[in-house]
Structures are given as structure tokens and as C-alpha cells.
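Undergrad: To start, I am sharing the structure in question, which I have written as C-alpha cells.
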Amino acid sequence: NVAVAQQSEMGWEVYPDGLREILARVHADYQPAVLMVTENGAAFDDVVTPSGEIDDEPRRSYLERHLAAAAAAIADGVPLRGYFVWSLMDNFEWAHGYSKRFGLYRVDYGTQRRTLKRSGDWYRSLVRAHSALHAAQR
């Protein structure tokens, strides 16, 4: 049996260990003083619940697993100093227009209303918790 890899709505394979591997490779090959992940995210379907919440568990899981891979790279000695989620809100993708959603906020393109998705709420909580931990360590 061959396991079928999870894919994004754009058909991209979800492979969190790939992030750890490429960070290690760049570190080994180029020895940068600092590394930054400037874009990491994937398009997944949003489910609007009857209460109006945006359930996007695949995106939350994607972020959690990629952040774990980034943390593992740091533990391996990679000088990773930043990680930026792609993207803050749903946006226009050149090859797909507005049909694929990447954001932590859902955009209603008719009204421009932004609604925080569950993944965004999870990420906000994670950042707050780690900010408090970092401040306490100073």
C-alpha cells in the first residue's frame, strides 16, 4: 500500500518535514547568520458554520505541523529567526484569482468584510502564549 499524501486545494503535497529539510540544507550549504521563512501557507476549503464561524481545520493543522518542523530545525541548530504565515487574509492568486483561500481571515469579496477563521484564532493564541513566554525569559 502506498499512502496518499494530503494535498492543498491547489494540488500541492503537504509535507511539513520538507520545511525542516530545506532549512537544514540551506544552513549546511550557505551558513547564513539568520534565516527567515517569509511565506508559508496553503489553500484549503473554509466551512462556514451555522453560527458564522469559519472552520478551516486543515489550515490549522498545516500551520501546527509546519511550525513544529521549524522548531525542530531550530533545535537542530538552524538559525531560524522568523516565520511568516501566508497569508493574513484571503487574497488574489495570479493563477487562480479569488477562488483559492489562504488567509487567517476570510474575506467576503462583495463587502470586503473580514472574519477571523478558527486557524487565525489558534495562531493568535499561539503567538500570545509564546510572546508571554519570551517576555518572562528576559
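Using my numbering, the first residue of the sequence shown is number -15, and each one after it goes up by one. For each residue, glycine too, the CB sits at the ideal point set by N, CA and C.
From which residue to which residue does the alpha helix (DSSP H) around Arg49 run?
TA: For the purposes of this step, residue 49 is taken as residue 65 along the sequence shown, with counting starting at 1. First-last of the alpha helix (DSSP H) with Arg49: Glu41 to Ala59.
Undergrad: Can you give me the start and stop residues for the beta strand (DSSP E) that Arg98 sits inside?
TA: As a working mapping, residue 98 is identified with position 114 in the sequence shown. Run containing Arg98: Arg98 to Leu100, per the beta strand (DSSP E) assignment.
Undergrad: Using alpha carbons as the reference points, say which of Arg108, Ile38, Arg44 and Gln15 lies closest to Pro0.
TA: For the purposes of this step, residue 0 is taken as the residue at position 16 of the sequence shown. Answer by Cα proximity: Arg44.
Undergrad: Determine the closest residue to Arg98 out of Val18, Val69, Tyr89 and Gly81, with distance taken between C-alpha atoms.
TA: The residue you call residue 98 lines up with position 114 of the sequence shown. Nearest option by C-alpha distance: Tyr89.
Undergrad: Taking the straight line between their C-alpha atoms, what separation do you get for Gln96 and Asp13?
TA: Within the sequence shown, residue 96 is the residue found at index 112, counting from 1. Within the sequence shown, residue 13 is the residue found at index 29, counting from 1. When rounded, the distance between both Cα atoms is 44 Å.
Undergrad: Among residues of its own chain, excluding the 5 on either side of Val30, which ones have a beta-carbon nearer than 6 Å to its beta-carbon?
TA: For the purposes of this step, residue 30 is identified with residue 46 of the sequence shown, where counting begins at 1. According to the sequence as given, residue 30 is Asp; it is not Val. Excluding positions up to five away in sequence, the list reads Ile38, Asp40, Arg85 and Arg90.
Undergrad: Measuring CB to CB, does Val62 end up less than 8 Å from Asn24?
TA: Position 78 of the sequence shown, counted from the first residue, corresponds to residue 62. Position 40 of the sequence shown, counted from the first residue, corresponds to residue 24. No.
Undergrad: In whole angstroms, what is the alpha-carbon distance linking Tyr93 and Ala17?
TA: Position 109 of the sequence shown, counted from the start, is the residue given in the question as residue 93. Position 33 of the sequence shown, counted from the start, is the residue given in the question as residue 17. Each residue's alpha carbon lies about 41 Å from the other.
Undergrad: Consult DSSP for Tyr(-1) and reduce its assignment to one of helix, strand or coil.
TA: Locating residue -1 in the sequence shown gives position 15, where the first residue counts as 1. Three-state result, Tyr(-1): coil.
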